[in-house]
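Participant: Under the numbering used here, the first residue of the sequence shown is numbered 10, with each subsequent residue one higher.
Note that CB positions come from ideal geometry on N, CA and C, so glycine has one too.
Because the structure is a prediction, the values reported are computed rather than measured.
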Amino acid sequence: MKRHLILFAAILAFLLMIGGVTAQDGVLEIFSWWAGDEGPALEALIALYNMRYPDVEVINATVTGGAGVNFRAVLKTRMLGGNPPDSFQVHAGQELIGTWVIANRMQDLTWLYEQEGWFGVFPQGLIDQLSYEGRIYSVPVNIHRAGVLWYIPDQLAEWGVSVPTTLDEFYSVCADLQTRGITPLVIGEAWTVIHLWDQVALSVLGADGYDALWTGGLSPAGSEMIAVWDAFGRVLDCTNLHQNAAGLSWQQATDLLVAGDAAFNVMGDWVAGYLSTTLGLTPGEDYGWADFPGTEGVFTWLSDTFGLPVGVPNEAAAVEWLRLLGSLEGQNAFNPLKGSIPARVDAVEAVPELYNAYLQYTADEWAKDRLVGSMMHGVVANERFMGDFNQVLDIYIQSRSSAGAASAMEAVCIQAGACGY
Ligand code: GAL
Numbered sequence: 010m011k012r013h014l015i016l017f018a019a020i021l022a023f024l025l026m027i028g029g030v031t032a033q034d035g036v037l038e039i040f041s042w043w044a045g046d047e048g049p050a051l052e053a054l055i056a057l058y059n060m061r062y063p064d065v066e067v068i069n070a071t072v073t074g075g076a077g078v079n080f081r082a083v084l085k086t087r088m089l090g091g092n093p094p095d096s097f098q099v100h101a102g103q104e105l106i107g108t109w110v111i112a113n114r115m116q117d118l119t120w121l122y123e124q125e126g127w128f129g130v131f132p133q134g135l136i137d138q139l140s141y142e143g144r145i146y147s148v149p150v151n152i153h154r155a156g157v158l159w160y161i162p163d164q165l166a167e168w169g170v171s172v173p174t175t176l177d178e179f180y181s182v183c184a185d186l187q188t189r190g191i192t193p194l195v196i197g198e199a200w201t202v203i204h205l206w207d208q209v210a211l212s213v214l215g216a217d218g219y220d221a222l223w224t225g226g227l228s229p230a231g232s233e234m235i236a237v238w239d240a241f242g243r244v245l246d247c248t249n250l251h252q253n254a255a256g257l258s259w260q261q262a263t264d265l266l267v268a269g270d271a272a273f274n275v276m277g278d279w280v281a282g283y284l285s286t287t288l289g290l291t292p293g294e295d296y297g298w299a300d301f302p303g304t305e306g307v308f309t310w311l312s313d314t315f316g317l318p319v320g321v322p323n324e325a326a327a328v329e330w331l332r333l334l335g336s337l338e339g340q341n342a343f344n345p346l347k348g349s350i351p352a353r354v355d356a357v358e359a360v361p362e363l364y365n366a367y368l369q370y371t372a373d374e375w376a377k378d379r380l381v382g383s384m385m386h387g388v389v390a391n392e393r394f395m396g397d398f399n400q401v402l403d404i405y406i407q408s409r410s411s412a413g414a415a416s417a418m419e420a421v422c423i424q425a426g427a428c429g430y
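1) In this structure, how does DSSP classify residue 385 when only helix, strand and coil are distinguished?
2) Among the candidates 248, 258, 288, 279, whose CA atom is the shortest distance from the CA of residue 267?
3) In whole angstroms, what separates the C-alpha of residue 159 from that of residue 116?
4) With three or more beta-carbon pairs closer than 8 Å as the criterion, would you say the region 93-110 touches the region 311-330?
5) Please find out if some non-hydrogen atom of ligand 1 comes closer than 8 Å to the beta-carbon of residue 277.
6) Between which residues of its own chain and residue 417 is the CB-CB distance below 6 Å, once the five residues before and five after are set aside?
7) Run through DSSP, which three-state label would residue 301 get?
8) Flag this pair as touching only if the region 344-352 and the region 45-54 have three or more C-beta atom pairs under 8 Å; answer yes or no.
9) Starting from residue 193, follow the beta strand (DSSP E) in both directions and report where the run begins and ends.
10) Taking 8 Å as the cut-off, does the CB of residue 159 come closer than this to any heavy atom belonging to ligand 1?
11) Identify the continuous beta strand (DSSP E) that holds residue 313 and give its terminal residues.
12) Would you grab the beta carbon distance between residue 296 and residue 191 for me? Rounded to a whole angstrom, and I think it's under 8 Å.
13) For the alpha helix (DSSP H) that residue 418 lies in, which residues bound it at each end?
14) Buried or exposed, going by whether 16 or more other CB atoms sit within 10 Å of the CB of residue 304?
15) Let's see if you can read the secondary structure: which residues bound the alpha helix (DSSP H) around residue 104?
16) How is residue 428 classed by DSSP in three states: helix, strand or coil?
17) If we ignore side chains and look at the alpha-carbon of each, how far apart do residue 318 and residue 49 end up?
18) Spatial neighbours of residue 270 within its chain, please: CB distance less than 8 Å, with the 5 preceding and 5 following residues excluded, ordered by chain position.
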């Protein structure tokens, strides 16, 4: 047996030497929701991969739809049907761990972290969100910030409006703008409404309360949460919910902001990628940003990561893909275009000139702010919860009953095994 193994290893080494077989060839399927306007950063990374591994044919497979809302259904069918892509996009936290890792569908990548010396370069708090029972299951390509308040400074100046820093200030700016026929806050399809809910919850509960909601220290049906739903209703009344929201992608909602139809947009900083990379606008001049009212000093984070499912067709090529994602070069090719900051702590300082004013600002905030994980983008709640939370939102929008929504949310938490249940 041992002799056979030695012989096999010798033949393999010989074939590798003469170039008959390389460790990386064949087809590599990368699966994500970064299509169309969201594509340039991923394409830059794939171009880098193609340069390193010209014998691998990369299939950039995407399912359009912000925040992966359509992608996740397709992924689930493929994973459960025994047809996993070689590597797929998945958010750090519960979306990865509470969905795929606990179901034994992902391969342990701890060895890759050891090989690449990644323990020193990714923040430990982030590694914790990629880990289960001491093993690490994906590689983070970025850090995004959720819930940023975006605006166009020239428009606010023209309207004589200042950026609100508390919810009460926001309500009065809202009333003022509405009398003038301007939409105070533009929203889009359902997931962008959940994204907004996350920020209202954070604003009303504070960072400790928000954390406690997801870990079991604060009842989803309690009086604090009824106050969250009350505030959410007031904020929703400042939006285009009943006009055109349901038909707008996040990019289209952002377009309305740029066109001057709306004063603010609450969205993650993929908006910075869209405004700068796609529309060619300059941060700080053509567009501005601020913390969502009442959340100053708190950074709602999420991270796009890629993992290695069990039983993939081209594992060798997929491992090299993950190695590239985690490298300094990979992170600096991707993030300046994406509107995100690198997950590696050493990447911005290596080439600061790649990062525009918004990204420099965010990198500073990431280092000093209080961090909380985004619910909408998979950090603090599993996929089952995220899917079912849509129904809670519908119940609230139909009934406008805060108590009803709070108890519906509690039921969803229990069913999904989220919120500490
Ligand atoms: C997030 C994702 C971002 C961006 C955004 C909009 O969930 O983490 O990278 O793609 O959705 O689609």
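Facilitator: Here's the rundown:
1) coil
2) 288
3) 38 Å
4) yes
5) yes
6) 401, 404
7) coil
8) yes
9) 192-195
10) no
11) 313-316
12) The pair is not a contact, with the Cβ atoms about 17 Å apart (cut-off 8 Å).
13) 411-425
14) buried
15) Run containing residue 104: none; DSSP gives neither H nor E here.
16) coil
17) 25 Å
18) 191, 192, 195
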